[in-house]
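S.K.:
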Amino acid sequence: MNVVSLFPEVRKTHFLGSALLLLIAGIPVAQAQSSAEKAFLSGGRIELQLEAGDYEVKPSADNTIRVNCSGTDSGQVRVTVNINGSHADVHVANTPNNNFHTTIEIPSTSDLTIRLTAGDLRIGAITGNKDISLRAGDLDVRIDNPDDYARVEASVKAGDVNASAFGGSVSGLFRTFRWTGKGKYTLKAHLIAGDVNLRK
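Okay, structure coming up:
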């Protein structure tokens, strides 16, 4: 065996190993992000895809979308905000099983589409069209001016609809509350199981 001839191979192997470690270290690793903030113009369309939890959607003081999660294991949550012109997609995923709350701030005039798997959802005084769907939980929507709406439809397969802002309510199984007005916006809310509250 030629001992001297082994040294170049040893040095070569060491160099390749070091290069591989540097390459791995330079690869970006996806990490959970429990907050996000992006500028977004007023009057746009915002779609929220939300996994189970407690959520509050409220008007921001400026034209910005802000998402902040808190509670046990909130660090594991993945929040993404993607903006394409006047359309924004907000996703909150990998949420913990309990003790979890998220606040989402959006421009005060926005068209909203919300899909929540389960939990409680409170929506502040947001002006615009609303299309909201929950599998199970409670929905509370603040209605600043009922005259802003042309059509309201809120339904539950099991639960109550309290539409005090529009002067009506229904309860029980497979119930739907409908209202028409002279405004320009539409509000649609559907729950499989839970309560809907439309209030001033």
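Each residue of the sequence shown is one higher than the last, beginning at 1147 in the working numbering.
We put the CB at the ideal spot given by N, CA and C, even for glycine.
1) Using CA atoms only, rank isn't needed, just tell me which of H1247, G1327, V1316 and D1257 is closest to V1342.
2) With a threshold of 7 angstroms on Cβ separation, who are the neighbours of G1327 within its own chain once the five nearest residues in sequence on each side are excluded?
3) Would you mind sorting L1319 into buried or exposed? The rule is 16 or more other CB atoms within 10 Å of its CB.
4) Residues in its own chain within less than 8 angstroms of N1209 by CB, not counting five upstream and five downstream?
5) Assuming I1211 contacts D1257 (C-beta within less than 8 angstroms), just tell me the rounded distance between them.
6) What residues in its chain sit with their C-beta under 6 angstroms from that of S1220, if we drop five residues either side in the sequence?
7) Taking the straight line between their C-alpha atoms, what separation do you get for T1263 and H1247?
8) Assuming R1321 and S1301 make a contact with CB atoms under 8 angstroms, what is their CB distance in whole Å?
9) Quick check on A1207: buried or exposed, where buried means 16 or more other Cβ atoms within 10 Å of its Cβ?
10) Determine the direct distance from the alpha carbon of N1214 to that of A1234, and round the result to whole angstroms.
11) Is DSSP giving F1323 helix, strand or coil here?
M.R.: Well, looking at it:
1) If you number the sequence shown from 1, residue 1342 lands on position 196. Answer by Cα proximity: V1316.
2) In the sequence shown, counting from the first residue as 1, residue 1327 sits at position 181. Counting only Cβ-Cβ distances below 7 angstroms, and skipping sequence neighbours, we find P1292, D1293, Y1295 and A1296.
3) Here residue 1319 refers to the residue found at position 173 of the sequence shown. Result: exposed.
4) Translated into positions along the sequence shown, residue 1209 becomes position 63. Answer for N1209: A1185, F1186, L1187, S1188 and P1253, listed in chain order.
5) Counting from 1 along the sequence shown, the entry for residue 1211 is found at position 65. Counting from 1 along the sequence shown, the entry for residue 1257 is found at position 111. In fact, because the Cβ distance is near 13 angstroms, the residues do not count as touching under 8 angstroms.
6) By one-based count along the sequence shown, residue 1220 stands at place 74. Cβ within range, chain order: S1180.
7) On the sequence shown, position 117 is the one that residue 1263 refers to. On the sequence shown, position 101 is the one that residue 1247 refers to. Roughly 14 angstroms between the two C-alpha positions.
8) Within the sequence shown, the letter at position 175 stands for residue 1321. Within the sequence shown, the letter at position 155 stands for residue 1301. About 7 angstroms; that satisfies the 8 angstroms criterion.
9) For the purposes of this step, residue 1207 is taken as residue 61 along the sequence shown, with counting starting at 1. Result: exposed.
10) Position 88 of the sequence shown, counted from the start, is the residue given in the question as residue 1234. Position 68 of the sequence shown, counted from the start, is the residue given in the question as residue 1214. Each residue's Cα considered, the two are about 17 angstroms apart.
11) Your numbering for residue 1323 matches position 177 in the sequence shown. Strand at F1323.
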